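Participant: To start, I am sharing the structure in question, which I have written as structure tokens.
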Amino acid sequence: MTVKIKINGPIISSDDKWFYDWLDMEATCPNDVLSKLPENGEDVEVTINSYGGLVDMGNEIYTGLRAHSGKVTANVVMAGSAASIIAMGANKVAISPVGQIMIHNVSMGAGGDYHEMDKASEILQKANHSLANAYVAKTGKSKDEVLTLMENETWLTAEEAVENGFADSIMFENEDRPQLVADGSSGLIPQKLINEVKKLKNQQVQSVQVNFNEEQVQRIVNDVTKNLKKDNVIETEIEKPSNESPFAKFLF
64 MTVKIKINGP
74 IISSDDKWFY
84 DWLDMEATCP
94 NDVLSKLPEN
104 GEDVEVTINS
114 YGGLVDMGNE
124 IYTGLRAHSG
134 KVTANVVMAG
144 SAASIIAMGA
154 NKVAISPVGQ
164 IMIHNVSMGA
174 GGDYHEMDKA
184 SEILQKANHS
194 LANAYVAKTG
204 KSKDEVLTLM
214 ENETWLTAEE
224 AVENGFADSI
234 MFENEDRPQL
244 VADGSSGLIP
254 QKLINEVKKL
264 KNQQVQSVQV
274 NFNEEQVQRI
284 VNDVTKNLKK
294 DNVIETEIEK
304 PSNESPFAKF
314 LF
């Protein structure tokens with residue numbers, strides 16, 4: 064039997080996972096993965112769809128996967144930054160034909176005098192060299208070559224990932240692929256509407272049930288409709304949601 068584990072959303076610390084859960088937001092911490100690794104050495108299949116997050120947390124998951132006694136397969140949808148390090152911990156990496164892998168330099172916030180800035184630069188450079196070891200071990204490339212790819216913030220398509228050794232195969236290569244449609248008729252609910260409904264959901268805890276008669280209900284509907292027209296809410300098109308993840312500027 065193969066144990067399946069999902070790694071979705073930002074890579075965060077186990078201590079902070081409760082907060083993301085409380086907000087109903089997808090995120091993955093080391094405990095989400097390491098606690099599911101079977102002690103009997105059964106095979107593991109990890110599906111990754113993450114733009115990255117915290118370096119140390121990604122390193123912890125990578126190390127746990129590498130140390131697992133069973134075979135580990137990673138199926139990559141998106142593996143960016145720290146999530147790409149996690150993918151390198153698998154024995155075999157398969158990438159979706161529409162997937163990507165992204166690698167880049169580590170970043171951090173720093174403040175202080177020039178001594179502290181020099182120290183921050185030293186820390187970042189050593190972190191880059193440390194993480195490069197994971198890519199070197201997987202791809203067989205030299206460390207200088209990997210560091211150059213990180214320096215240039217390299218985004219790899221499925222074909223490029225396989226060509227450069229970051230992935231071993233492209234998923235579904237030997238299967239008949241259905242036609243994919245990507246257009247404006249996808250039926251996605253606008254993010255603005257989701258956010259407004261979520262606010263109402265959170266307010267339900269404080270709500271009090273009130274019974275209205277038919278005349279009162281009609282008066283309320285008329286008043287709300289009048290205000291919506293006055294504020295141009297009805298005629299105004301809902302803005303398209305931003306494609307940028309709120310976690311796009313994570314450290315790694």
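For the sequence shown, my numbering gives the first residue as 64, with consecutive numbering after it. Glycine is no exception: its CB is placed at the ideal position from the N, C-alpha and C atoms. Every value quoted in this text rests on a predicted model; they were computed, and no experiment measured them.
1. Using a Cβ-Cβ cut-off of 6 Å (strictly less than) and excluding sequence neighbours within five positions of MET120, which residues of its own chain qualify?
2. For VAL139, name the three-state secondary structure that DSSP assigns.
3. Run the CB neighbour count on LEU100, radius 10 Å, all protein chains shown included, and call it buried at 16 or more, exposed below.
4. Would you call the segment 137–146 in contact with the segment 165–174, where contact means no fewer than 3 C-beta pairs closer than 8 Å?
5. Just to confirm the assignment, what range does the alpha helix (DSSP H) spanning GLU108 have?
6. The beta strand (DSSP E) with ILE166 in it runs from where to where?
7. What is the DSSP secondary structure of VAL15, reduced to helix, strand or coil?
8. Report yes or no: do the segment 199–207 and the segment 216–224 share at least 3 C-beta pairs separated by less than 8 Å?
9. How far does the beta strand (DSSP E) with LEU219 in it extend, from its first residue to its last?
10. Applying the criterion that 16 or more other CB atoms from any shown protein chain within 10 Å of the CB defines a buried residue, is ALA173 buried or exposed?
11. Would you tell me roughly how many angstroms separate the C-alpha atoms of ILE70 and ALA130, rounded to the nearest one?
12. Spell out the partners DSSP gives ILE74 in its beta bridges.
13. Could you tell me the boundaries of the alpha helix (DSSP H) in which GLU208 lies?
14. What do you reckon, are the CB atoms on ALA197 and MET213 nearer than 8 Å?
15. State yes or no: is the C-beta of VAL139 within less than 8 Å of the C-beta of VAL156?
16. Judging by CA-CA distance, which residue of THR65, GLY162, GLY152 is the nearest neighbour of GLU123?
17. Can the beta-carbon of GLU105 be found less than 8 Å from the beta-carbon of THR65?
18. Could you spell out the range, first to last residue, of the alpha helix (DSSP H) harbouring ASN196?
19. Helix, strand or coil for SER132? Go by DSSP, reduced to three states.
20. Could you compute how far the alpha carbon of GLY369 sits from the alpha carbon of VAL107?
21. To which residues does DSSP link ILE148 through a beta bridge?
22. Between the beta-carbon of ILE233 and the beta-carbon of ILE158, is there less than 8 Å?
Facilitator: Let's see:
1. ILE74, SER76, PRO93
2. strand
3. buried
4. yes
5. GLU108 -> not in any alpha helix (DSSP H); beta strand (DSSP E) instead, spanning 107–113.
6. 155–166
7. Shown here, the chain extends from 64 to 315; a query on residue 15 therefore has no answer.
8. no
9. For LEU219, the enclosing beta strand (DSSP E) begins and ends at 217–220.
10. exposed
11. 18 Å
12. THR91, GLY116
13. 206–214
14. For ALA197 and MET213, no; Cβs fall outside 8 Å.
15. yes
16. GLY152
17. Going by C-beta atoms, GLU105 is nearer than 8 Å to THR65.
18. 177–202
19. coil
20. Missing from the structure shown is residue 369; the chain here goes from 64 to 315 and no further.
21. Bridge pairing for ILE148: absent [DSSP].
22. yes
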